[in-house]
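All you need for the working numbering is the position in the sequence shown, starting with 1, plus 348.
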Amino acid sequence: MQKWVPPYQGYNNSVDPQISNVFTFAFRFGHLEVPPTVSRLDENYQPWGPEAELPLHTLFFNTWRIIKDGGIDPLVRGLLAKKSKLMNQDKMLTSELRNKLFQPTHKIHGFDLAAINLQRCRDHGMPGYNSWRGFCGLSQPKTLKGLQAVLKNEILAKKLLDLYKTPDNIDIWIGGNAEPMVDRGRVGPLLACLLGRQFQQIRDGDRFWWENPGVFTEKQRDSLQKVSFSRLVCDNTHITKVPLHAFQANNYPHDFVDCSAVDKLDLSPWASREN
């Protein structure tokens, strides 16, 4: 990602920070990381109650469980301690999202999130896979052999060409997500480009970006630099033990610390001082 989001150089008024259409499809890579169940854990990060592991589709719009069945803390602990689904080319999307999306009861069929994503691409008139590969300066495979080389998967390449006939026609959502992940990344080269470009534009085209000189003082920026998601959890829930790096895969108790060990937001740089 450092290739696409280099170190901050300051506000650039020629950069458009608006969200691009293609980003709204590229950022849906997260759908492929959703696990089939939702875990609820107690204060010792052990299964909470008799229904600690619930199928995802049983929780869509099911807010009563937060109000009457344990609150939000068990859910947040589950998110902190359990790993997300690892996207792989053999099973990209859990069946909880493919066949049971928004399914209220077993008597009513659910929606298919993959189909919805693909149709959205077409409703928005998105150019095909190779158009975006070219946009990012990547190779544009034209044959089975070429697509196989990009995906590093002969079976998947054949399936896609059976459906789309040519790589040019592949929808951006499925094409981008089908690529093997870049080193130490969670997406392939195409999505790394599309996501990275957007993140850089959001940052560089925002005159109120927190690192832009004049928005905050140097001491205020130093204080903001220490803010973490783990600290937000500590400050807004009754959870007392959190991982230092909440967005990484963590194992309890090895990777967890007491909230007292997590830096708080120091507000003293904002304090008013009388002459």
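Just so it is clear, CB atoms sit at the ideal spot from N, CA and C, and this is done for glycine as well.
Since the model is a prediction, treat every value here as computed from it, not as a measurement.
### Query
Assuming VAL382 and LEU445 make a contact with CB atoms under 8 Å, what is their CB distance in whole Å?
Their Cβ separation, rounded to whole angstroms, is 6 Å, which keeps VAL382 and LEU445 in contact under 8 Å.
### Task
Verify whether the separation of the beta carbon atoms of PHE377 and LEU539 is less than 7 Å.
Going by C-beta atoms, PHE377 is nearer than 7 Å to LEU539.
### Query
Which whole-angstrom value describes the C-beta separation of PRO398 and GLN549, a residue pair presumed to lie in contact below a C-beta threshold of 8 Å?
Taking the Cβ atoms as the reference, PRO398 lies roughly 48 Å from GLN549, outside the contact range of under 8 Å.
### Message
Residues in the same chain with beta-carbon distance under 7 Å from PHE629, minus the five sequence neighbours each way, listed in chain order, please.
### Response
Outside the shown range of the chain, which is 349 to 623, sits residue 629, and nothing can be said about it.
### Query
Which residues mark the beginning and the end of the beta strand (DSSP E) in which LEU402 is found?
Boundaries of the beta strand (DSSP E) harbouring LEU402: 401-403, taken from the DSSP string.
### Coarse secondary structure for PRO591, derived from DSSP in three states
In the displayed model, PRO591 falls within a strand according to three-state DSSP.
### Task
Check whether the Cβ atoms of SER578 and ASP614 sit closer than 7 Å, and answer yes or no.
Contact flag unset, no.
### Start-to-end residues for the beta strand (DSSP E) that takes in ASP606
Under the DSSP assignment, ASP606 falls in the beta strand (DSSP E) whose first and last residues are 604-606.
### Task
Confirm, please, whether the CB-CB distance from ILE518 to LEU508 is below 7 Å.
In this structure, ILE518 lies closer than 7 Å to LEU508 by Cβ.
### Task
Let me know the alpha helix (DSSP H) ranges lying completely inside the stretch 478-544, each 4 residues or longer, listed in chain order.
Scanning the stretch 478-544 from its first residue to its last, the whole alpha helix (DSSP H) runs of 4-plus residues come out as 492-499, 502-512 and 520-526.
#### Entry: Buried versus exposed, by CB contacts within 10 Å (16 or more), ARG621
Taking a 10 Å sphere around the C-beta of ARG621, we find fewer than 16 other C-beta atoms and assign the residue as exposed.
### Query
In angstroms, rounded to a whole number, what distance separates the CA positions of LEU486 and ILE587?
If I take the Cα positions, the gap works out to 45 Å.
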